[in-house]
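Report on the following structure.
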Amino acid sequence: MPAGLPHTGAETNDVVQFFTTQQNTVGLASALAPIAWVLATLFGAGAVSVLWRSDLEQGTAWSLVGFAGVIMQNITFTGVMATRLALASTTPQDSSTIAGLWALHNALFIFNGTFLALAMTGLSISGRRAGLIRRWHSGIGLLAAALQFGSAVLSPLAIDDPGTVGLLGLVGWLIWVVWIVAYGITLIRPTSVPIQAIPNNRRTGPVESFRSDHRQADLPDGQRRHPAQQRVEPPESAQA
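Going by my numbering, the residue at position 13 of the sequence shown is 107; the numbering climbs one at a time, nothing skipped.
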């Protein structure tokens with residue numbers, strides 16, 4: 095945007111002028127994009143690793159919904175960056191080709207809001223239910239998701255003349271920036287209660303055995319029983 099990237103619905107002449115004079119800027123942005131996609135994937139995977147146990151306990155999979163949105167957003171924005179590179183490689187004389195590529199760019203850019211909305215919805219709901227994020231954080235995530243999804247649904251109106259629809263997408267994107275920065279800080283901050291995984295094989299047998307071993311660790315040798323046994327017998331003095 096500081097370089098003067100044309101907005102959605104811009105005239106073809108403005109598009110031609112930008113992409114024929116700002117090849118270096120487009121190239122730099124394209125070189126940085128893969129780094130952003132890798133970091134976004136790590137962010138989504140990190141969120142799932144923290145939230146998955148809570149989702150299992152509640153019988154939901156909202157964190158996976160959010161992670162799917164992150165992955166699909168990366169894929170869609172790959173198309174956006176590819177069309178920008180193609181536009182920067184097209185000569186000014188190919189105005190019809192530039193117009194077609196720019197229309198494709200705008201459509202992909204607007205539809206990308208669908209997957210941003212999916213990411214914010216899934217991770218906001220899962221994070222709130224798990225107690226990882228605060229109510230206001232979840233609230234702005236769902237608000238931004240609604241704005242982004244509304245912009246994507248109204249995409250036919252936004253391609254030629256964005257107007258109010260484009261404003262919805264812009265506000266939703268700005269809130270998304272605040273949301274993801276706050277979520278990232280939440281994930282990397284130190285926690286006072288470390289999370290320890292419990293072995294979980296078929297049904298509950300191994301889990302009960304694991305817990306039983308820990309309970310028996312504090313018992314005298316004469317009171318310890320094999321893990322397969324269901325309970326620990328009290329000493330004879332206690333039975334008397």
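Glycine is no exception: its CB is placed at the ideal position from the N, C-alpha and C atoms.
Which listed residue (the options) has its alpha carbon closest to that of residue i
i, options, result
"I269", "F137, P250, L236 and F113", "L236"
"T114", "H231, A276, P250 and Q187", "Q187"
"L248", "T170, N200, T106 and M166", "N200"
"R228", "L281, G121, L99 and T135", "L281"
"A139", "W156, L202 and A125", "W156"
"F137", "G160, A125, S190 and T185", "G160"
"V120", "V174, I165, G263 and L261", "V174"
"Q116", "A130, W131 and L99", "L99"
"F203", "P250, S189, T106 and R283", "P250"
"D108", "A193, L158 and W131", "A193"
Chain D contact for residue i (CB, 9 Å cutoff)
i, result
"S245", "Going by chain labels, chain D is absent from the structure shown, which holds only one protein chain."
Cβ neighbour criterion (16 or more within 10 Å) applied to residue i
i, result
"V271", "exposed"
"G153", "exposed"
"I289", "A caution first: I289 carries a pLDDT of 43, below 50, which makes its placement in the model too unreliable to give a value."
"T215", "buried"
"V259", "buried"
"L133", "exposed"
"H101", "exposed"
"A183", "The sequence given here places Ser at residue 183; Ala does not occur at that position. Looking at its Cβ environment, which holds fewer than 16 other Cβ atoms inside 10 Å, S183 is exposed."
"A141", "buried"
"V110", "buried"
"S306", "With a pLDDT of 43 at S306, under the threshold of 50, the modelled position of this residue cannot be trusted, and the question is left open."
"N118", "exposed"
"G207", "buried"
"N294", "Bear in mind that a pLDDT of 43 at N294, under 50, signals an unreliable position, so the number given afterwards is only what the model happens to contain. N294 comes out exposed."
"L217", "buried"
"S190", "exposed"
Contact check, residue i vs residue j, beta carbons under 9 Å
i, j, result
"A338", "F112", "Summary: the structure shown does not reach residue 338, with the chain confined to residues 95 through 334, and so no result is reported for it."
"S245", "G266", "yes"
"H231", "R223", "no"
"F205", "T172", "no"
"A238", "L210", "yes"
"V164", "T185", "no"
"I234", "W196", "no"
"G225", "Q242", "no"
"A213", "Q167", "yes"
Point to revise | Stretch-stretch touch, CB-based, cutoff 8 Å, three pairs: the region 144–153 with the region 169–184 | key: no
Check your understanding: Where in the region 145–169 do unbroken runs of the alpha helix (DSSP H), each at least 4 residues long, occur, reported from the N-terminal end onward?
Key -> none
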